[in-house]
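Each remark here refers to the structure printed beneath this line.
Residue numbers (my numbering): 25 to 160.
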């Protein structure tokens, strides 16, 4: 699974750790703190899932999502935020985002979002019943 994420450094580190706990060695993770580098990276290396902190102000995460959705509509977009916002939820719905995670989230909540991705990632992701690991 190829995952791109846009957040502050601390948020990226936590997300990567949780994804590694869930997905394991099948994860290729690229974290970005500069929003301007994401569109260029997307041109050269396709991704399966993009996590975006929709609250970052430099160039809003929502603007980034709508720009990328226009170019890559069949990708799994997931918004993150520290507090729920009806406006953000509606905008995520308009671009057919696969989820909206409110921080702090844990492996269980993240696993639920990954289990129900809008567009399948290579092979179906299934949950093992006795632990939170997902297999690809």
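Here a beta-carbon is modelled for each residue, glycine too, at the ideal position from N, C-alpha and C.
Just reading off the beta strand (DSSP E) that residue i is part of, what are its end residues?
i	result
residue 126	123-126
residue 74	73-77
Taking a contact to mean a Cβ-Cβ separation below 8 Å, would you say residue i touches residue j in this structure?
i	j	result
residue 131	residue 42	yes
residue 25	residue 51	yes
residue 28	residue 56	yes
residue 73	residue 102	yes
For residue i and residue j, what's the separation of their Cα atoms in angstroms?
i	j	result
residue 67	residue 107	31 Å
residue 123	residue 58	22 Å
residue 158	residue 142	Confidence at residue 158 is low in this model, with a pLDDT of 48, below 50, so its placement is unreliable and the value that follows should be read with caution. Answer to the nearest angstrom: the Cα atoms are 16 Å apart.
residue 138	residue 77	17 Å
residue 109	residue 93	20 Å
residue 121	residue 100	6 Å
If we cut at 8 Å on Cβ distances, does residue i have a partner in chain B?
i	result
residue 132	This model lacks chain B altogether, as it is built from one protein chain only.
Along the alpha helix (DSSP H) that carries residue i, what are the first and last residues, could you check?
i	result
residue 43	33-47
residue 113	110-118
residue 62	61-68
residue 90	85-95
residue 137	131-139
Kindly examine the ligand FAD and report whether one of its heavy atoms sits closer than 7 Å to the Cβ of residue i.
i	result
residue 75	With respect to the ligand FAD, the structure offers nothing, as it holds no ligand at all.
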